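There are 2 protein chains.
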Amino acid sequence: SPPVIVVHGGAAVCDCDRSEWRAGVEAAAHAGWSVLETPGGTALDAVQAAVQAMEANPVFNAGLGSCLTSEARVEMDAVIMNGADLSAGAVAGVTTVKSAVGLARSVMEKTDHVLLIGQGAEKFGEKIGIPVIHNDELVTERRKEQLARLRTFHNATNADFNMKMQGHDTVGAVALDSKGNVASATSTGGITGKMPGRVGDSPIVGSGAYADNAVGAASTTGHGESVLKVTLARQALWRMEAGKTPKEAAKAVLDDMMAKVQGRGGIIIVGKDGTIGFDCSTGDMAWAHCSESKGLQSGTTCPLSDK
Amino acid sequence: SPPVIVVHGGAAVCDCDRSEWRAGVEAAAHAGWSVLETPGGTALDAVQAAVQAMEANPVFNAGLGSCLTSEARVEMDAVIMNGADLSAGAVAGVTTVKSAVGLARSVMEKTDHVLLIGQGAEKFGEKIGIPVIHNDELVTERRKEQLARLRTFHNATNADFNMKMQGHDTVGAVALDSKGNVASATSTGGITGKMPGRVGDSPIVGSGAYADNAVGAASTTGHGESVLKVTLARQALWRMEAGKTPKEAAKAVLDDMMAKVQGRGGIIIVGKDGTIGFDCSTGDMAWAHCSESKGLQSGTTCPLSDK
């Protein structure tokens, strides 16, 4: 099948500048596509390039411009998974690197482990030569303001606030390359005002992302605790194994998450045949996809018909 | 359906004292059963009691007597999940509490989050009054010796060593109570010689454990990286949704893990109707189950016929 990449810049209720949100996912899809159209370019490199483009863009809640914890620090989570052999790497609670997904890739390729957290992950990164940065370099004025606004909503629970009042602009990408390999990656700063040490779905294989050449690849976003409880990414692939299209699977798993745990979110999927599907239950999701046949397409709302 | 509890004390190649391993799972099953036979006793309390019995027993790789990191420290992971509403709590990389599963239960009930890691989890525990202990209090001579032996095997990778040479004596429990609620819990010290910050499957919803009243509950053990890659616990419940018995589902998912990622492990399952199933692909697994009709049964090998 011909190569394709799909990216998301989070599922949210957009109170944001839609033009910069959309431009950001377009740039990310382009970065991934540039890898795929290079001879020998792999799905794994493509999803990493796409996600790193968004980590470096302060518009998104990943890398630079991540949401802040209750202590006003950035703690990042990311995962990357290779559908060719189910190999995966992930980090959680890292505070001193520019690219969490880059560190996750190194965990996958340079350790016997899948998931490294906190200082253990940071020390590993330092040891293999990934530059150490100060946490302040990741903190933006916009996120400080969001945290300040949250603190005035002291009567609302974090969960309600995060569900209803702001975005979950986690980023992610899925891709299929010319050799039939799929991959997925997801990166996030979590949710504003989270407890230090809180980890959501994003770095969790099966929840934040999943990839299996036999089926396809998925990356998710949304209320992390809800996504975790229903293993959203893996569930989508199961539904495809059971015969659903990526589009049908996307809608089905988001409906299931709403029914079972009253959680909202979004998902992007690529099937092993290059068919894509994406959807959200939040109202808005920044998305973009790119392929030879369809070129670059993007938007900031989802195709759910019942919205 | 009448109540039932199933516990495991890890899947391994036993080079251990089988009698103390078996006595440990029997005591844990008894602790869980004591909860279930009390009027109003819940599956959630039962799995916690069973796992805490094993965390307190130095025979098992959880709590006191956990496997040591490459820096000779204990870093513990645990999860607990309530099938009634898919609520879940988990901790990873905690070093200063006696019971990781107890702290996970508090994350579930006293925060808006599912997973807390490292110092964030520890500070939360301290804040709600859980006693802080020194890491040394969790370290046993036996685990120091295992780490020393590992260090002499410097030509073997951690993965090979851990797959072939020693146990994964993670602990777990699943239960069904008289009201039809299921729950599961899993707790571990990980693997000997792991990198600081390494987290396996045990605290991960969908990999280390899953519980859903609509289907049943599962707890897993084995090579954590492999279990993560195939979301073993959630996969087992999916196969039951598709019509398999717990016993068939246990065998099917362990076969799948071997085929896809060449990983070994074990799983215990209880269906919503009280049917149980368990199996392992490691050769040995300490297990025990208890119900009114069958009483207490236990063993240290698995029922796989092709072994």
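In order, the protein sequence lines correspond to chains A and B. 287 is the number that the working numbering gives to position 301 of the first sequence; each next residue is one higher, with no gaps. 35 is the number that the working numbering gives to position 49 of the second sequence; each next residue is one higher, with no gaps. C-beta atoms are modelled at their ideal positions from N, C-alpha and C, and glycine is treated no differently. Since this is a predicted model, take the numbers as computed values, not measurements.
Quiz prompt | Cβ contact check for the segment 49 to 58 of chain A and the segment 162 to 180 of chain A: 3 or more pairs under 8 Å | solution = yes
Quiz item: Considering only the beta carbon of each residue, do Arg104 of chain B and Ile103 of chain A sit closer than 8 Å?
Solution: Reading the second sequence from its first residue, position 118 is the one you call residue 104 of chain B. Reading the first sequence from its first residue, position 117 is the one you call residue 103 of chain A. The residue you asked about is not Arg; residue 104 of chain B is Gly in the sequence shown. Contact: yes.
Quiz item: Identify the residues that DSSP records as bridge partners of Gln283 of chain A: which are they?
Solution: Your numbering for residue 283 of chain A matches position 297 in the first sequence. Partner(s): A:His275.
Quiz item: Going along the chain, which residues of the segment 66 to 81 of chain A sit with their C-beta nearer than 7 Å to a C-beta in chain B?
Solution: Leu72, Ala74, Ala78 and Gly79
Quiz item: Near Asp242 of chain A, which residues of its chain fall below 8 Å by C-beta distance, leaving aside the five closest residues on each side in sequence?
Solution: Against the first sequence, residue 242 of chain A aligns to sequence position 256. Answer for Asp242 of chain A: Val216 and Gln221, listed in chain order.
Quiz item: Can you find a C-beta in chain B that's less than 8 Å from the C-beta of Gln105 of chain A?
Solution: Position 119 of the first sequence, counted from the first residue, corresponds to residue 105 of chain A. Interface residue, yes.
Practice problem: Starting from Ala(-3) of chain B, trace the beta strand (DSSP E) both ways and give me its first and last residue. | Solution: Taking the first residue of the second sequence as position 1, residue -3 of chain B is located at position 11. Counted as a single uninterrupted DSSP element, the beta strand (DSSP E) harbouring Ala(-3) of chain B occupies residues Val(-10) to Ala(-2).
Quiz item: On the three-state DSSP scale, how would you describe Asp122 of chain A?
Solution: Translated into positions along the first sequence, residue 122 of chain A becomes position 136. Helix, per DSSP.
Quiz item: Does the distance from the C-beta atom of Ala35 of chain A to that of Val21 of chain A stay below 8 Å?
Solution: Position 49 of the first sequence, counted from the first residue, corresponds to residue 35 of chain A. Position 35 of the first sequence, counted from the first residue, corresponds to residue 21 of chain A. A Cβ-Cβ contact shorter than 8 Å links Ala35 of chain A with Val21 of chain A.
Quiz item: What are the boundary residues of the alpha helix (DSSP H) that Ala58 of chain A is part of?
Solution: Indexing the first sequence from 1 puts residue 58 of chain A at position 72. First-last for Ala58 of chain A: undefined, no H or E at that position.
Self-check item: Rounded Cβ spacing between Ile255 of chain B and Ala236 of chain B (contact assumed at less than 8 Å)
Solution: In the second sequence, the residue the question calls residue 255 of chain B occupies position 269. In the second sequence, the residue the question calls residue 236 of chain B occupies position 250. Right, the Cβ-Cβ distance comes to about 6 Å (below 8 Å), so this counts as a contact.
Quiz prompt | Arg137 of chain B versus Thr286 of chain B - alpha carbon distance | solution = Here residue 137 of chain B refers to the residue found at position 151 when the second sequence is read from its first residue. Here residue 286 of chain B refers to the residue found at position 300 when the second sequence is read from its first residue. Looking at the two C-alpha atoms, the distance is approximately 28 Å.
Practice problem: Keeping to the same chain, check which residues put their C-beta closer than 6 Å to that of Asp259 of chain A; ignore five residues upstream and five downstream. | Solution: Here residue 259 of chain A refers to the residue found at position 273 when the first sequence is read from its first residue. The answer, listed in chain order, is Ser(-13).
Self-check item: N- and C-terminal bounds of the alpha helix (DSSP H) containing Leu102 of chain A
Solution: As a position in the first sequence, residue 102 of chain A is number 116, starting the count at 1. Element bounds for Leu102 of chain A: not the alpha helix (DSSP H) but the beta strand (DSSP E), Leu101 to Ile103.
Quiz item: For His(-6) of chain B and chain A, any beta-carbon pair shorter than 8 Å?
Solution: Stepping through the second sequence from its first residue, residue -6 of chain B is reached at position 8. When Cβ-Cβ separations below 8 Å define contact, His(-6) of chain B makes no contact with chain A.
Practice problem: Provide the residue(s) that pair with Arg129 of chain A in DSSP beta bridges, ordered along the chain. | Solution: Residue mapping note: residue 129 of chain A aligns to position 143 of the first sequence, counting from 1. DSSP lists no partner for Arg129 of chain A.
Quiz item: Are the Cβ atoms of Ile302 of chain B and Cys276 of chain B separated by less than 8 Å?
Solution: No answer is possible for residue 302 of chain B: it lies beyond the span of chain B, which begins at -13 and ends at 293.
Quiz prompt | CA nearest to the CA of Gly249 of chain B, picked from B:Asp71, B:Ala64, B:Ser267 and B:Met271 | solution = For this step, residue 249 of chain B is matched to residue 263 along the second sequence. Of B:Asp71, B:Ala64, B:Ser267 and B:Met271, the residue nearest in Cα terms is B:Ser267.
Exercise. Please classify Ala200 of chain B: does DSSP put it in a helix, a strand, or coil?
Key: Position 214 of the second sequence holds residue 200 of chain B. Judged by DSSP in its simplified three-state form, Ala200 of chain B adopts coil rather than helix or strand.
Practice problem: State yes or no: is the beta carbon of Pro25 of chain A nearer than 8 Å to at least one beta carbon in chain B? | Solution: Taking the first sequence and counting its residues from 1, the one referred to as residue 25 of chain A is at position 39. No, because no Cβ of chain B sits closer than 8 Å to the Cβ of Pro25 of chain A.
Quiz item: Near Arg184 of chain A, which residues of its chain fall below 7 Å by C-beta distance, leaving aside the five closest residues on each side in sequence?
Solution: Position 198 of the first sequence holds residue 184 of chain A. Cβ neighbours of Arg184 of chain A beyond the five flanking positions: Gly176.
Practice problem: Could you tell me the distance, in whole angstroms, from the CA atom of Met151 of chain B to the CA atom of Gln283 of chain A? | Solution: Position 165 of the second sequence, counted from the start, is the residue given in the question as residue 151 of chain B. Position 297 of the first sequence, counted from the start, is the residue given in the question as residue 283 of chain A. Note that Met151 of chain B scores a pLDDT of 45, beneath 50, so its modelled location is shaky; the value from the coordinates is reported in the next line. Each residue's Cα considered, the two are about 52 Å apart.
Quiz item: Per DSSP, what kind of secondary structure is Phe264 of chain A in: helix, strand or coil?
Solution: As a working mapping, residue 264 of chain A is identified with position 278 in the first sequence. Of the three classes helix, strand and coil, the one that applies to Phe264 of chain A here is strand, per DSSP.
Exercise. Quick one: which unbroken alpha helix (DSSP H) runs of 4-plus residues sit fully inside the segment 186 to 230 of chain A? Chain order, please.
Key: 210 to 215 and 218 to 227
Quiz item: To which residues of the same chain is Asn354 of chain A closer than 6 Å at the C-beta, ignoring the five residues directly before and after it?
Solution: There is no way to answer for residue 354 of chain A, as the model of chain A reaches only from -13 to 293.
Quiz prompt | Cutoff 8 Å: Gly183 of chain B Cβ touching any chain A Cβ | solution = On the second sequence, residue 183 of chain B is found 197 positions in, with the first residue counted as 1. Output row for Gly183 of chain B: interface = yes.
Quiz item: Which residues bound the beta strand (DSSP E) around Ala169 of chain A?
Solution: The count along the first sequence starts at 1 and reaches residue 169 of chain A at position 183. Ala169 of chain A -> beta strand (DSSP E) spans Val168 to Thr174.
Self-check item: Residue span of the beta strand (DSSP E) that contains Leu50 of chain A, given as start and end
Solution: Counting from 1 along the first sequence, the entry for residue 50 of chain A is found at position 64. No beta strand (DSSP E) contains Leu50 of chain A, which DSSP labels as neither H nor E.
Quiz prompt | Beta-bridge partners of Arg184 of chain B, as assigned by DSSP | solution = Here the question's residue 184 of chain B lines up with position 198 in the second sequence. According to DSSP, which records beta bridges pairwise, Arg184 of chain B is partnered with A:Leu102.
Exercise. Report the partner residues of Ser73 of chain A according to the DSSP bridge assignment.
Key: In the first sequence, the residue the question calls residue 73 of chain A occupies position 87. Per the DSSP secondary-structure output, Ser73 of chain A pairs in a beta bridge with A:Asn68.
Self-check item: Where Gly79 of chain A falls: helix, strand or coil (DSSP)
Solution: Within the first sequence, the letter at position 93 stands for residue 79 of chain A. Strand.
Quiz item: According to DSSP, what are the bridge partners of Gly179 of chain A?
Solution: As a first step, residue 179 of chain A is located in the first sequence; it is residue number 193 there, counting from the start. Partner(s): none; Gly179 of chain A has no beta bridge.
Practice problem: Taking Gly10 of chain B as part of the alpha helix (DSSP H), name the residues at either end of that continuous run. | Solution: Here the question's residue 10 of chain B lines up with position 24 in the second sequence. Arg4 to Leu22 is the span of the alpha helix (DSSP H), which, as asked, contains Gly10 of chain B.
Quiz item: What is the DSSP secondary structure of Asp31 of chain B, reduced to helix, strand or coil?
Solution: As a working note, residue 31 of chain B is residue 45 in the second sequence. In this structure, DSSP gives Asp31 of chain B a helical state, which the three-state scheme calls helix.
Quiz prompt | Contact check, Thr81 of chain B vs Thr156 of chain B, beta carbons under 8 Å | solution = Here the question's residue 81 of chain B lines up with position 95 in the second sequence. Here the question's residue 156 of chain B lines up with position 170 in the second sequence. Going by C-beta atoms, Thr81 of chain B is not nearer than 8 Å to Thr156 of chain B.
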